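Written below as C-alpha cells is the structure these notes are about.
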Amino acid sequence: MNILLASSEVFPFSKTGGLADMVAALAKALARQGGNRVGIVTPLYKGTRNRFQGMARMVADWTVELGGERLTASVWRMPLEKGLHVYFVDQPDFFHREGLYTVPGQGDHPDNDRRFVFFSRAVVELIHFLPYETDVLHLHDWQVGLVAAMIARHRAMGVGPAPATCLTIHNLAYQGVFPRSSFELTGLPETFFVPEGLEFYQQMNCLKAGIMFSDQLTTVSPTYAEEILTPEFGCGLEGALHYRRHLLTGILNGVDYEEWNTEKNPSISHAFNQHDLGGKALQKRDLQREIGLPLREDLPLFASITRLAGQKGMDELYPALRAMLHTEDFQFVLLGSGSPETEEKYRQLARDFPDKVATVIGYRHALSHRIEAGADFFLMPSLYEPCGLNQMYSLRYGTIPIVRATGGLQDSITDFSEDPGHADGIKFDAMETSEMQEAIRKALAIFQDPDLLLHYRQNGMQKDFSWESTSRQYLDVFRKALSSREI
Ligand code: ADP
24 MNILLASSEV FPFSKTGGLA DMVAALAKAL ARQGGNRVGI VTPLYKGTRN
74 RFQGMARMVA DWTVELGGER LTASVWRMPL EKGLHVYFVD QPDFFHREGL
124 YTVPGQGDHP DNDRRFVFFS RAVVELIHFL PYETDVLHLH DWQVGLVAAM
174 IARHRAMGVG PAPATCLTIH NLAYQGVFPR SSFELTGLPE TFFVPEGLEF
224 YQQMNCLKAG IMFSDQLTTV SPTYAEEILT PEFGCGLEGA LHYRRHLLTG
274 ILNGVDYEEW NTEKNPSISH AFNQHDLGGK ALQKRDLQRE IGLPLREDLP
324 LFASITRLAG QKGMDELYPA LRAMLHTEDF QFVLLGSGSP ETEEKYRQLA
374 RDFPDKVATV IGYRHALSHR IEAGADFFLM PSLYEPCGLN QMYSLRYGTI
424 PIVRATGGLQ DSITDFSEDP GHADGIKFDA METSEMQEAI RKALAIFQDP
474 DLLLHYRQNG MQKDFSWEST SRQYLDVFRK ALSSREI
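Numbering follows the working numbering, with no gaps: position 467 of the sequence shown is 490.
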C-alpha cells in the first residue's frame, strides 16, 4: 500500500507533544511491513535544514493557491529509511518562525488559518509529484483536517488525485476554529460550509472537516474513542462523531523502543533492564545531582514531564502535593512549560521545599529521558488523556505511573485492584485532592516494600507496546478506507 501521512509535527524534526512521536513511529513501522511505500509530509520549520543532513529539493518554483493568491513554495525530500521519505513543505513566511503554533509566551500565531489552509492545500497538491499513486492519505489532527474536504471535492468533481482518507484524532480539544471569512481561503464551494460539513456555529472548524469528510476515523485509545461520544469529552463535536461513529476505531498508540529504551540510549549513562536494575539506582543518583536535590536513594522520587496545559491536571495536583510535602518525606521533579501561572506555582513550590522539589521550566528532550530513568514514580493526573505516551515510557523505564483512569491511561496501566499479578501502576478516578493523596500514599507504601516495588517495576518493564502489531491495526483501517472509497 502507498501511504502518505500528513502532520504538522514529526519527531525528530519538530515536536510539541505526542503527535510528533506517534507519526514518526507509525510511519517507520508501516515502512518496515514489507510492501508498503510510506511518506510523511510536514512543514519545514525554522532551522530544520541546518540540523539535518540529506535533504534534497524535490519541487522548486512551486505555487500553491490560497484565497485567490498564488504563493510560492518548494518541497524538500529526505529519505529516512528503506521505504520511508519525509517531504518538507517550505514556505518561509509561514513556517520559518519561533513556535509551531504559538508565539512563545503569547497566544496563537494570528495567521494560523492561512498557515494551515495553505499547508492542507500543499498536501493535496504534493500527491501529484510523488513517484507513485497514493492509496491512503493519513491525516493527523485539525491542522490537516481540511485535506479530507479537499479530497472529497476532487472526488465529487472527478478531477485530480483522490486517495482514501483516514483522520486520526490525537486531541479533540484542539479543533482549529476560525471565522467564516477564513473559509474563503480553502477554495471549497459554499456547499461545504453547512452544519453537515465543516461549519461549526457559523465558524469554520478544521477538525470537523476531517471528521465529516474522511473515509475512516481513528483516535489514539479505545477508551478515548468512547469518551469523545459524550458531551463531557466531545468538546462540542460529539454530535458529529455520533453521526460518523460507524467509521471510528480506537487504536492505542505504540512506543518507539529504538528511541525509548534503557539499554542503548545516548541520553542516559547507566544501562539497566528488568533483570538488573542496578543502573536505575545510578540514574537516580545522577538525576538528583543534575536537578540539585539531595542524593537520597532512601527517598522516593516522583516526576512529571508535561505541557503545562489545563488538560494535564497539574493545577489540581498542586495543592495535593503541597500539603503532602509538609508531612511526608519524598522528592518531586517537574519538567514542563506552558501556562505562566502554573509555571510560577511550581517554581514557588521548589523555592518553598528546596530539598524536596526541583522545577525545570522548558522543553528538554535528553533530560526527559534521564527523568524517566531516574525517577521512582511518574505522576499523570490528566483531566482527560487521549492516549498519553509518558506513562508507557515510564513503564519501560521501571518508573511506576500514577494516573487518572481516563482515555489511554485507563487502557495502558494495570492497577492492583484490576489484576494484582500484573499490577504496574496506580490509578485514581476523581480529580480530587484526597484521591490524589491516596494514590501518592499507595506509592509511598510500595516504595517501602522492595519485593512489591520490584513486582510493579518488572510487570511494567515487560509490557510491550511496540508499533509492529499496532501498525497492523492501522493497515486494517486503511483497507476499510480503500474499500469504502470504491463504493
Ligand atoms: P501530549 O501530546 O498531550 O503533550 P503525550 O504524553 O502524548 O502528551 O506526549 C508528550 C510528549 O512530549 C512526551 O514524549 C514527553 O516526554 C514530551 N514532553 C512534554 N513536555 C516536555 C518537556 N518540557 N521537555 C521534554 N519533553 C516533553
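Cβ atoms here follow ideal geometry from the backbone N, Cα and C, with glycine treated the same way. Since the structure is predicted, the reported quantities are computational estimates derived from the model, not experimental observations.
- Of all alpha-carbon atoms in 332, 372 and 317, the one lying nearest the alpha-carbon of residue 344 is that of 372.
- For residue 105, the secondary structure class from DSSP, reduced to helix, strand or coil, is coil.
- Judged by pairs of C-beta atoms under 8 angstroms, the segment 61–68 touches the segment 29–37, as three or more such pairs exist.
- For residue 387, the Cβ falls inside the 7 angstroms cut-off from some heavy atom of the ligand ADP.
- Judged by their CB atoms, residue 320 and residue 303 are not nearer to each other than the 8 angstroms cut-off.
- Of the other Cβ atoms in all chains shown, 16 or more fall within 10 Å of the Cβ of residue 408; this residue is therefore buried.
- When DSSP assignments are scanned along the segment 217–256, the uninterrupted stretches of beta strand (DSSP E) that are 3 or more residues long and fall wholly within it turn out to be 226–228 and 239–242.
- Close CB contacts of residue 155 within its chain, under the 7 angstroms cut and outside five residues either way in sequence, are with 25 and 60 (chain order).
- It is roughly 9 angstroms from the alpha-carbon of residue 101 to the alpha-carbon of residue 80.
- Excluding sequence positions up to five before and after residue 434, its CB lies within less than 7 angstroms of the CB of 244, 245, 246 and 275, all in the same chain and listed in chain order.
- If you check the C-beta of residue 333 against the ligand ADP, you find no heavy atom less than 7 angstroms away.
- Buried is the label assigned to residue 31, since at least 16 other Cβ atoms lie within 10 Å of its Cβ.
- By the neighbour-count criterion, in which 16 or more other beta carbons inside 10 Å mark a residue as buried, residue 180 falls on the exposed side.
- Between residue 497 and residue 103, the beta carbon gap of about 18 angstroms keeps them out of contact (Cβ cut-off 8 angstroms).
- Look at residue 40: its beta carbon is less than 7 angstroms from one of the heavy atoms in the ligand ADP.
- Burial of residue 360 is indicated by the presence of at least 16 other C-beta atoms within 10 angstroms of its C-beta.
- Within the same chain, 325, 327 and 425 come within 6 angstroms of residue 402 by CB-CB distance, once the 5 residues on both sides are set aside.
- Looking only at 152, 501, 205 and 376, the smallest Cα-Cα distance to residue 169 is reached by 205.
- If you check the C-beta of residue 63 against the ligand ADP, you find no heavy atom less than 7 angstroms away.
- With the rule of 3 Cβ pairs closer than 8 angstroms, the segment 349–359 does not count as touching the segment 290–300.
- Apart from sequence neighbours up to five positions away, the residues of its chain that approach residue 150 with a beta-carbon distance below 6 angstroms are 157 and 184, ordered along the chain.
- Residue side-chain check: residue 359 places its Cβ nearer than 7 angstroms to a non-hydrogen atom of the ligand ADP.
- Note: residue 504 is not bridge-paired with any residue in the DSSP secondary-structure output.
- Apart from the 5 residues on each side of it in sequence, residue 480 sits with its Cβ closer than 6 angstroms to the Cβ of 421 in its chain, given in chain order.
- In terms of Cβ geometry, residue 356 and residue 384 do not form a close pair [threshold 8 angstroms].
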